[in-house]
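If you read the sequences in order, they're chains A, B and C. Heads up, the first sequence is in the numbering used here, so the first residue is 1 and it goes up one at a time. Heads up, the second sequence is in the numbering used here, so the first residue is 1001 and it goes up one at a time. Heads up, the third sequence is in the numbering used here, so the first residue is 2001 and it goes up one at a time.
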Amino acid sequence: MSGVEPLHQRLAEAILFASAEPVPVKSLVDRLPAESDVTAVLAALEAAYRGRGVNLVRIGDAWAFRTAPDLAPLLTEERQVQRRLSRAAMETLAIIAYHQPVTRAEIENIRGVQLSRGTLDSLFELGWIRPKGRRAAPGRPVTWATTTAFLDHFGLAGLDDLPGIDDLKAAGLLDARPAIQVYGNAGETDAPDGD
Amino acid sequence: MSGVEPLHQRLAEAILFASAEPVPVKSLVDRLPAESDVTAVLAALEAAYRGRGVNLVRIGDAWAFRTAPDLAPLLTEERQVQRRLSRAAMETLAIIAYHQPVTRAEIENIRGVQLSRGTLDSLFELGWIRPKGRRAAPGRPVTWATTTAFLDHFGLAGLDDLPGIDDLKAAGLLDARPAIQVYGNAGETDAPDGD
Amino acid sequence: MSPASGLSRPEPTVAAGTFVVDVEGFEGPLDLLLTLARQQKVDLKQVSILELADQYLAFVAKARQASLDLAAEYLVMAAWLAFLKSRLLLPEPPSPEEPSAESMAEALAFQLERLESFRAAAARLAARPRLGREVFARGAPEAVETTTVSVVSAHLGDLLSAYAAHLCRREPRQLHIAPSELDTVAAALDRLERLLGSAPGWEELRTFLPPETAEGLRRGRLGARATLAATFTASLELARRGRLRLRQARPYGPIYLVPAPPVEGDTS
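See below:
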């Protein structure tokens, strides 16, 4: 377990283990003794739990213990009943995840159909998306982005970890390109990204 | 980790981790593959987590992961709350500072009121006063004095630094004018100007 | 341009004769176009937009034949595709304001490809091990105990003023109270007796006050009010002794006094 101070590692282990939610690195820094090397502690712990029934995983700027994904078929009893997400909601979530920050009009433009009333609401209620700011465009529309809970739910270490994001980027599919003007609000698509 | 089948151990580890309640041995027997030796699996897991930040503990007929007891003091989060000292405590502290060493009865005599139960205790807990010895008097009462922490907190180099009574007077802190004169003067200034 | 009626998007499944149009499975015209494009069994990049426009228009025509109430957005797309088709077939000299037919077709192809990519991305995302389904968090999180540490804030100023307050409260025991500057009843008696002799008849009580009192009363000074009160008390005392008589016409009215004729045997 490298040269990490055992007490620091035990303490980090206990803090991470005690929490069901991902623990932000900042919070670990605050709670470990001042002299501890949190990065090294996390690396040592991650290595110690690799291949075990429980793994230490990075979720954005936070870390959490999670059961190993390969055990899923054997862990059925813990399975919580979850509402199935509609195809429209899942697609909307994917667009927000890959294209963030993104406005409602931009999502509608990509999908070629208006968003039904509850779609964004339901994703927001699940805690997976959050308003991120406003686009510098007429009407200053709200932009949406994903949350740490989204990363946690889908077992992603970060947005770079989104499946196939490099391919989408390489294919220019995440660029703001002029699209056909059949639907309204298409003008917003051309607005510069970034808030 | 003995001759336990790694998958069995990983699965038990994940089940114990994910369960909201301590997991009964019987339930583990049901959920692990039929050929697994649950007793050996639990023994191996218990050994693997011994001395770590998290331990596997037996609770009756069930098992659960718990953060190591010795870490408890380090896991608690401290929240600081600013509190003001009561007037009685402050005055008692001042009397001890100016009259030390002084007994409880002497403080009461000087203040002209009985000390309430917790006053000396709270000053002692703050580390500002300490028992200094005993008065050579009937009952040999404890005498109290201020501490170095007291000097530190109030930014005093030593007891000599405490302003004398003359200094207090000069600072206007000792206003000994008879009350009626104060009132009379106030009456004059406060009265509405004549018509 | 977008259909204003976003409230209800009809998704009819209607059988008309032998031809069945099922729009229910489609999430809007772009989704329908994507499905039709896939039927061309070529890479989306090579898809023939012209052929696609034909297929879409044929679909919409059949749907209308079957008296299907298609959502407005399908019809808007049909109109746009008909326009695109005409532009592709009969190239006109490009006007500076309008995009070329080729760039319009390209934009459509891009949108179809993008939609398909996001579809795929959504599917891959949905297939990931999910928290609470395939992957689990700690089932029995241990609450971190929070201890509240109260920090006492006290400054030297607080300490000194506490001691000073204590000294002040103690001091009156040894303190000599300075003589009051207020007029006493005894002094008022002396003054009234002295002045009474010179009073020819009924005089207002106020005329027996020291000259500076009038100004003090006007200013509401405590000393002046005390003098007035003492003088009034003295007048009552002298009346009791039979040395003067008092008269007041109405409550709060001016008080008049007159020396009483000397009584036999009064020595004072």
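Cβ atoms here follow ideal geometry from the backbone N, Cα and C, with glycine treated the same way.
Beta-carbon spacing of residue i, residue j below 9 Å
| i | j | result |
| --- | --- | --- |
| Ile1107(B) | Trp1144(B) | yes |
| Ile15(A) | Val23(A) | yes |
| Asp61(A) | Thr148(A) | yes |
| Phe2118(C) | Leu42(A) | no |
| Leu45(A) | Glu13(A) | yes |
| Gly164(A) | Arg2038(C) | no |
| Thr2227(C) | Leu2196(C) | no |
| Ala2107(C) | Leu2088(C) | no |
| Lys2045(C) | Ala2101(C) | no |
| Pro2029(C) | Val2076(C) | yes |
| Ala2260(C) | Arg2240(C) | no |
| Arg87(A) | Ala2122(C) | yes |
| His2166(C) | Arg1111(B) | yes |
| Tyr2252(C) | Trp2202(C) | no |
Whole-angstrom distance between residue j and residue i, CA atom to CA atom
| i | j | result |
| --- | --- | --- |
| Arg10(A) | Ala2137(C) | 19 Å |
| Val2021(C) | Ala2063(C) | Its pLDDT being 49, under 50, Val2021(C) is placed unreliably in this model, and the value from its coordinates should be taken loosely. Their Cα atoms are separated by approximately 6 Å. |
| Glu2097(C) | Lys169(A) | 30 Å |
| Ala2078(C) | Ala2058(C) | 10 Å |
| Lys26(A) | Leu32(A) | 10 Å |
| Gln2065(C) | Ala2072(C) | 16 Å |
| Ile1959(C) | Ala2120(C) | There is no way to answer for residue 1959(C), as the model of chain C reaches only from 2001 to 2268. |
| Ala1157(B) | Cys2168(C) | 27 Å |
| Leu151(A) | Gly2139(C) | 19 Å |
| Arg1066(B) | Arg58(A) | 22 Å |
| Val113(A) | Val2060(C) | 17 Å |
| Leu2115(C) | Tyr2074(C) | 17 Å |
| Tyr2056(C) | Lys2041(C) | 16 Å |
| Asp30(A) | Ala47(A) | 23 Å |
| Ala2127(C) | Ser2153(C) | 57 Å |
| Trp2080(C) | Leu2090(C) | 15 Å |
| Ala2162(C) | Leu1120(B) | 16 Å |
Beta-carbon contacts of residue i that lie in its chain and below 6 Å, excluding the five residues immediately before and after
| i | result |
| --- | --- |
| Thr2233(C) | Val2185 |
| Lys132(A) | Pro101, Thr143, Ala145 |
| Pro69(A) | none |
Nonlocal neighbours in the same chain, by C-beta distance under 7 Å from residue i, ignoring five residues either side
| i | result |
| --- | --- |
| Leu123(A) | Ala89, Thr92, Leu93, Ile129 |
| Ser36(A) | Glu5, His8 |
| Arg134(A) | Arg140, Pro141, Val142, Thr143, Asp195 |
| Leu2192(C) | Phe2208, Thr2231, Ala2234, Ser2235, Leu2238 |
| Gln2111(C) | Leu2030 |
| Gly2216(C) | Gly2223, Ala2224 |
Among the options, nearest to residue i - alpha-carbon criterion
| i | options | result |
| --- | --- | --- |
| Phe1017(B) | Gly53(A), Pro138(A), Asp61(A) | Gly53(A) |
| Tyr98(A) | Leu32(A), Ala20(A), Leu162(A) | Leu162(A) |
| Arg2206(C) | Lys2045(C), Asp2190(C), Asp2043(C), Ala2224(C) | Ala2224(C) |
| Arg2130(C) | Asp166(A), Arg140(A), Arg84(A), Arg111(A) | Arg84(A) |
| Gly127(A) | Phe154(A), Ala105(A), Asn109(A), Gly139(A) | Phe154(A) |
| Arg2133(C) | Ala136(A), Val29(A), Arg50(A), Pro73(A) | Pro73(A) |
| Glu2113(C) | Gly2157(C), Phe2083(C), Asp2190(C), Thr2035(C) | Thr2035(C) |
| Pro138(A) | Ser86(A), Thr39(A), Ala105(A) | Ala105(A) |
| Ala2249(C) | Glu2204(C), Leu2222(C), Pro2261(C) | Glu2204(C) |
| Ala176(A) | Ser19(A), Arg87(A), Ile95(A) | Ile95(A) |
| Leu2190(C) | Gly2201(C), Pro2210(C), Tyr2163(C), Trp2202(C) | Here residue 2190(C) is Asp; the residue named in the question, Leu, does not match the sequence. Cα-wise, what sits closest to Asp2190(C) is Pro2210(C). |
| Ala2053(C) | Asp2069(C), Val2042(C), Leu2032(C), Lys2041(C) | Leu2032(C) |
| Glu2027(C) | Glu2051(C), Leu2070(C), Asp2043(C), Val2047(C) | Leu2070(C) |
| Ala136(A) | Asp167(A), Thr119(A), Asp121(A), Thr103(A) | Thr103(A) |
| Leu71(A) | Val2258(C), Val2135(C), Lys2085(C), Gly2220(C) | Val2135(C) |
| Leu223(A) | Leu1028(B), Asp1121(B), Leu1120(B) | Since the first and last residues shown for chain A are 1 and 195, residue 223(A) lies out of range. |
Cutoff 9 Å: residue i Cβ touching any chain F Cβ
| i | result |
| --- | --- |
| Asp2183(C) | No chain F appears in this structure, whose protein chains are A, B and C. |
Residues near residue i by beta carbon distance below 8 Å, same chain, minus five either side
| i | result |
| --- | --- |
| Tyr1049(B) | Asn1055, Leu1056, Phe1065 |
| Ser2103(C) | none |
| Leu1159(B) | Ala1097, Gln1100, Thr1146, Leu1151 |
Residue i Cβ short of 8 Å to the ligand GTP heavy atom set
| i | result |
| --- | --- |
| Ala2120(C) | With respect to the ligand GTP, the structure shown offers nothing to examine, as it has no ligands at all. |
**Prompt:** If you measure beta-carbon to beta-carbon, which residues of the segment 2125-2136 of chain C are closer than 8 Å to chain B?
**Reply:** Answer in chain order: Phe2136.
**Message:** Counting only Cβ-Cβ distances shorter than 8 Å, please list the residues of the segment 1006-1030 of chain B near chain A, keeping chain order.
**Reply:** Gln1009, Arg1010, Leu1011, Ala1012, Glu1013, Ala1014, Ile1015, Phe1017, Ala1018, Ser1019
**Prompt:** the segment 60-79 of chain A: which residues have C-beta closer than 8 Å to a C-beta of chain B, in chain order?
**Reply:** Against chain B - using a Cβ distance shorter than 8 Å - the residues of the segment 60-79 of chain A are Phe65, Thr67, Ala68, Leu71, Leu74, Leu75, Glu77, Glu78.
**Message:** Along the segment 1041-1057 of chain B, where does the CB come closer than 7 Å to a CB of chain A? Name the residues.
**Reply:** Arg1052, Gly1053, Val1054
**Asked** At a Cβ cut of 7 Å, what residues of the segment 117-145 of chain A count as close to chain C, listed as they run along the chain?
**Response** Taken residue by residue, none of the segment 117-145 of chain A has a beta-carbon sitting less than 7 Å from a beta-carbon on chain C.
**Message:** Under 9 Å, CB to CB, which of the residues in the segment 150-176 of chain A have a partner in chain C?
**Reply:** For the segment 150-176 of chain A, which is checked against every Cβ of chain C, the residues closer than 9 Å are Asp152, His153, Phe154, Gly155, Leu156, Leu162, Pro163, Gly164, Ile165, Asp167, Leu168, Ala171, Gly172, Leu173, Leu174.
**Prompt:** When Cβ atoms are compared, which residues of the segment 1085-1114 of chain B fall closer than 8 Å to chain C?
**Reply:** Leu1085, Arg1087, Met1090, Glu1091, Leu1093, Ala1094, Ile1095, Ala1097, Tyr1098, Ile1110, Arg1111, Gly1112
**Members of the segment 2082-2105 of chain C near chain A, C-beta cut-off 7 Å** = For the segment 2082-2105 of chain C, the residues whose beta carbon sits under 7 Å from a beta carbon of chain A are, in order, Met2104.
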